[in-house]
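full-length UniProt numbering numbers the first residue of the sequence shown as 112 and each following residue consecutively. Just so it is clear, CB atoms sit at the ideal spot from N, CA and C, and this is done for glycine as well. None of the values given here were measured: they were computed from a predicted structure. Everything below concerns the one structure shown next.
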Amino acid sequence: PPRRETFAGLVWDRLVDSATDARMHYGRLLLPNKQKNKTVTKPSVVVLGSGWGAHALIKVLDCDLYDVTVISPRNAFAFTPMLAAASVGTVEFRSLLEPVRVANELVDYVQASATEVDLERQTVTCVSDLGRVDDEAPVQFSVPYSYLVIAVGATTNTFGVPGVREHAFFLKSVVDARKIRAAIVNRFERANLPTTSDEEKLRLLHTVVIGGGPTGVEYCAELNDFLTSDLRRKYPRLVPLVKVTLLQSGDAILTAFDDTLQAAAMDNFKSSSVEVVLGARVVNIGPTSITLKDGTEVDYGMAIWAAGNGTTPLVKSIITSLPDQAGARGRLRIDDWLRVKGATNVFALGDAACNDDDPLPATAQVAAQQAAFAGRLLNRDYCLSCEIPEASSPRKGISKLIKGPGDDDGPARVAKPFQFLSLGLLAYIGRDRALAQVELGKKKIFLSGAATRLLYDSVYATKQVSFRNRVLVLVDWAKTKVFGRDLSQF
Ligand code: FAD
């Protein structure tokens, strides 16, 4: 069975991480020139990405030990669990963001995408569009590394369905959420034009969400709240024409949750303006209608594709270039210490990686715990390029392996393999109700309803990555309650 971390272990590790963080930041306040005066060459850690994994890593990585460079096309971390709320204006986009340079002032940040990794020469090839004029080629450069951390996440998987990229909206990033927010108001204003026919109004005001996982469900929930609390008052003549349909190809929504919670979500949608259609496989998305496998045509004004994770081009290129990655299913194969199989000084974590022996879900919780683990391994100076003898694999009874420096002339220091501690699942289902599946050791507790909404809000308020973000989110919630969501377009 998969190994699992204990709660006490997780708390202890958090304390050690906080001590490192405090030493780095407050130590610098006391000795402000400590970094500048340092002339020793340090090994370099290059981190690819600025999402959950990368952000959690740079929060704990000791910059006195390493020169850390973050490479990502986005210069800020985004709190993805609240993207659905941001896409309808319940919270503001900037409240969910923390710039890389604020997360850790000691890291260097380069705004670029990594396109290739040369594992032999230990360099990453990057391209940047910044400053590009018209059809000039993007700037290309390479960055050397001693250790590389791949935390580039995943793309949206379209499953090869024609028309998805051209006609549907995604909900993967802040840019996507901004587009959705503008498109909702756009559909209402178009429907409100005196020249729009009744038939066209019905089409424009029909939102179809494809995918009954947490993203699709939470988007429907937020949209339903937006309709009932704001749009109903602002567009009273149009609201009776509004329809939201959630299409799910399987026979249940929120499949990671217990059956009782799935049923609670279905019941909640039944009494809202969201219609859930199960067993509906989308085979084509045209400009104004969606075709299902059984031939049904569904006219729509806005389609949101929330149907799963795909592989980034960088991860694809590493998988094809490394023989040890044979059999990888869209995510880099990693060992028990999160090292890429076939490249021991390269870590991969979050949605970009998977350990075949202990597959974990693609969630922020996993990415953040993995990142803290990788940071600790590096901070405690484990010799990560050591080969692990097959015979002493932890699955064959020995639980600790990576040797520390000075293995030949002193006692070896060893590192425990990564263990995930599941803290449970949460989902917002609309109408001020939420679901919670809390895991306490082997015991699972299932909660749903209005009181669970309070739990949901308090968890998300406390999980914000900084005090600033926490305050901004609380202020946004209060603003929405008092003034409603903002409908202005600019
Ligand atoms: P990401 O956070 O996706 O970060 C990837 C980073 O890599 C980004 O900064 C990207 O710009 C960068 N990047 C991409 N390509 C390159 C490249 N070539 N070079 C350099 N950088 C690159 N999980 C939960 O646990 N709970 C939730 O409630 C939850 N809700 C979610 C809601 C939504 C709408 C979404 C989209 C996801 C949600 N998730 C949730 C999942 C969670 O966000 C992901 O599992 C998590 O973000 C994975 O972290 P990551 O670091 O692997 O990737």
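Backbone secondary structure at residue i - three-state DSSP
{"i": "A418", "result": "coil"}
{"i": "S599", "result": "coil"}
{"i": "V254", "result": "strand"}
{"i": "C465", "result": "strand"}
{"i": "V388", "result": "strand"}
{"i": "R487", "result": "helix"}
{"i": "K153", "result": "coil"}
{"i": "Q379", "result": "Per the sequence shown, residue 379 should be read as Asn rather than Gln. Three-state DSSP puts N379 in a helix."}
{"i": "D518", "result": "Its pLDDT being 46, under 50, D518 is placed unreliably in this model, and the coordinates cannot settle the point."}
{"i": "Y571", "result": "helix"}
{"i": "I364", "result": "coil"}
{"i": "V122", "result": "helix"}
{"i": "L565", "result": "helix"}
{"i": "I509", "result": "With a pLDDT of 32 at I509, under the threshold of 50, the modelled position of this residue cannot be trusted; read the value that follows with caution. Of the three classes helix, strand and coil, the one that applies to I509 here is coil, per DSSP."}
{"i": "T307", "result": "coil"}
{"i": "V199", "result": "coil"}
{"i": "R450", "result": "strand"}
{"i": "F594", "result": "helix"}
{"i": "A589", "result": "helix"}
{"i": "A439", "result": "coil"}
{"i": "N456", "result": "strand"}
Beta-ladder partner(s) of residue i, from DSSP
{"i": "L583", "result": "None, per the DSSP bridge assignment."}
{"i": "T402", "result": "N395 and E408"}
{"i": "M413", "result": "T318"}
{"i": "E550", "result": "K555"}
{"i": "V158", "result": "V181 and V260"}
{"i": "T266", "result": "G421"}
{"i": "T356", "result": "V319 and E386"}
{"i": "S239", "result": "V250"}
{"i": "Y539", "result": "A545"}
{"i": "R444", "result": "C465"}
{"i": "R343", "result": "In DSSP, R343 forms no bridge with anything."}
Residue i beta carbon near the ligand FAD (any heavy atom closer than 7 angstroms)
{"i": "A572", "result": "no"}
{"i": "I291", "result": "no"}
{"i": "V457", "result": "no"}
{"i": "S183", "result": "yes"}
{"i": "A547", "result": "no"}
{"i": "G164", "result": "yes"}
{"i": "V263", "result": "yes"}
{"i": "K283", "result": "yes"}
{"i": "A473", "result": "yes"}
{"i": "Q530", "result": "no"}
{"i": "T366", "result": "no"}
{"i": "D462", "result": "yes"}
{"i": "T326", "result": "yes"}
{"i": "L389", "result": "no"}
{"i": "P192", "result": "yes"}
{"i": "G160", "result": "yes"}
{"i": "Q222", "result": "no"}
{"i": "Q476", "result": "yes"}
{"i": "L425", "result": "yes"}
{"i": "A225", "result": "yes"}
{"i": "A195", "result": "yes"}
CB contact check: residue i to chain D, cutoff 8 angstroms
{"i": "V426", "result": "Looking for chain D here will not work: only one protein chain is present."}
Check your understanding: Going along the chain, which unbroken runs of the beta strand (DSSP E) with 3 or more residues stay wholly within the segment 205 to 229?
Key -> 208 to 210, 219 to 222 and 224 to 229
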